[in-house]
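Following: one structure in C-alpha cells, then a few remarks.
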Amino acid sequence: MRKPKFRWVATAAACALLSPLGAMPGAMPAVAEEEQVDVVEQVKADLLQQLRVTAGDDTAQRELFAALLERGAVDPTTVLAESRSAAGQEFTRWAAEADRTVKEYMGLPRLEAASLQVYLTDSAEGLGRGQLPLFAVAPSNEEADETTFTAFDLDGRQIDLDTREAPREPVIFVDLDMGAIVDGAVWTISAELNANGVLSDVLEPVDPVEGTTRLDRIRVKDVQEWGAGKWYCPGSICDAEVVAFTMGGSGGVARVDVISLDSVNVPNKDYWVYRNIINWNNFSWTNVDFLVMEMDATPCSASWAKYGQVISDAIKSLASAPVYTPLISTARTALGDKKKICSWWNYWLVNLPDHIDSFNALSMYSVGTQVGAGNNATTTMTLIP
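Letter 23 of the sequence shown, counting from 1, is numbered 22 in numbering that gives the first Met the number 0, and no numbers are missing.
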C-alpha cells in the first residue's frame, strides 16, 4: 500500500493554486478542507490521470508513444502541442496549467523549462511491440520504505507494482523534473538571500576571472539520492541534484554565493565540472566555507525562497565579523529544522536537503586535492591567479 498522504488544512492559497486544474475538463475534484494531500503530489496525480485519459485517444496515443520511444522522457507541456487530435491539444493546455501551478507553488519565477516530466521505463520494448502501458506517479522519498505503489491501466483500474522488481508491462511515469527545478531554484535562493541582507550571486560556469577558485574535479561516495538505480528511475531520471553554497563575510556583511553542480549525480564517479566556486573579489575574509547539499526537496508551501531566508537568518550576524568565523554547522542546523522552513501546521511536508559534504575554512591556498570534512567528497581545486 502507498503511504497515506499527510493531513493538512487546505488554505485559501493552496486552493487557489489547485482550482485552475480542477476547473478543466476531466480534472479531479479540487482539494477540500481536511483532505489528506500535498499540493505538488496532487498536481502530479491529476496530470497522470489526464495523461491516461488522453492516451485513450488513438491519435494522441500514437503521438505520445512515438515521442516516448524516441526520447525516453518528454516535456508534458510540449509533447502533444502539435497533436492532430483534440485530446492532445486539451492535454497540452492541462499540462501548461499544471506547470504554472508547480512553479508558483515552489516560487520559481525564472524557470523557463518545464517543472514536470513524463518518462518511460526501460521496458520500452513492449511499448514498441504494441503492448499497452501502465501509468503511475513516480514513488517519492516519503515512500522509500514502501514495497509497492499504485499504477493504473488505460481503463483506470488500479494495479500494485513492486518497487523492487519491474513489471512485464511498460510503465509511463509522471514526476517533477528536478534537474530543471534546481536550475531555477538557485536563482530563487540567491534572490531571497539578497532580499534578507545577505550578498549573493549565482556563480555560473563561465570563464573564471582573476582571483577565483575553480572546482575542477569532484567525486562523491554517497550522493544522497535514494531512488538512483531503482527500476522506475531509468537513465538519469533519479540522479542527484547537487547545489553548493560558498559562505563568508564581505566588509561586515554576510555573503553566500550559490552554485549548481547539476552534472554531479551518481556516486563514485569522477566529474570534471570546471565550475567557479569562490570569487575572492567578493569576500573580505581570507577563508570561507563551502557547503555541498543534495537539493531534491519539496519545500511545502514556503517555496524555495525559504531556504535563502533560513540560511540568511542563521549566518547573517556571524558573517558580519571582520575575520573568518565557522558558518557551516549553523547553516546545516537551520536547514535541518523543518519548523524553520515551513509553517507549524505543515512543516512535516518538507523533504529536507541532504548534506553531502563540507569544506571548512578554504583559502586561496586550498588547491589540489581537497577532501571534505565528512570524507564523502574528494575534489581537485585550482586558483586562477
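The beta carbon of each residue, even a glycine, is placed where N, CA and C say it ideally should be. Source: prediction; values computed, not measured.
Annotated three-state conformation of PHE282 is coil, per DSSP.
Rounded to the nearest angstrom, the Cβ distance from TYR270 to SER262 is 6 Å, consistent with a contact under 8 Å. Between the region 346–360 and the region 323–332, the count of Cβ pairs shorter than 8 Å is three or higher; the stretches touch.
According to DSSP, ARG216 shares a beta bridge with TRP271, THR379. Judged by DSSP in its simplified three-state form, GLY127 adopts helix.
In the structure shown, the three-state DSSP call for SER316 is coil. With respect to GLU209, ILE383 sits close: the two C-beta atoms are nearer than 8 Å. Linking VAL291 to GLU191 through their CA atoms gives a straight-line distance of about 19 Å. Taken through DSSP and simplified to helix, strand or coil, LEU260 comes out as strand. DSSP, reduced to helix, strand and coil, places THR187 within a helical segment of the structure shown. The beta carbons of ARG254 and ALA318 sit closer together than 8 Å.
About 5 Å separates the beta carbon of GLN116 from that of ALA72, a gap short enough to meet the 8 Å contact definition. For SER357, the uninterrupted beta strand (DSSP E) segment begins and ends at 353–361.
Per DSSP, the beta-bridge partners of TYR118 are ALA72, PHE172. Rounded to the nearest whole angstrom, the CA to CA distance from SER189 to GLY125 is 45 Å. By the C-beta density criterion, SER316 is exposed, having fewer than 16 other C-beta atoms within 10 angstroms.
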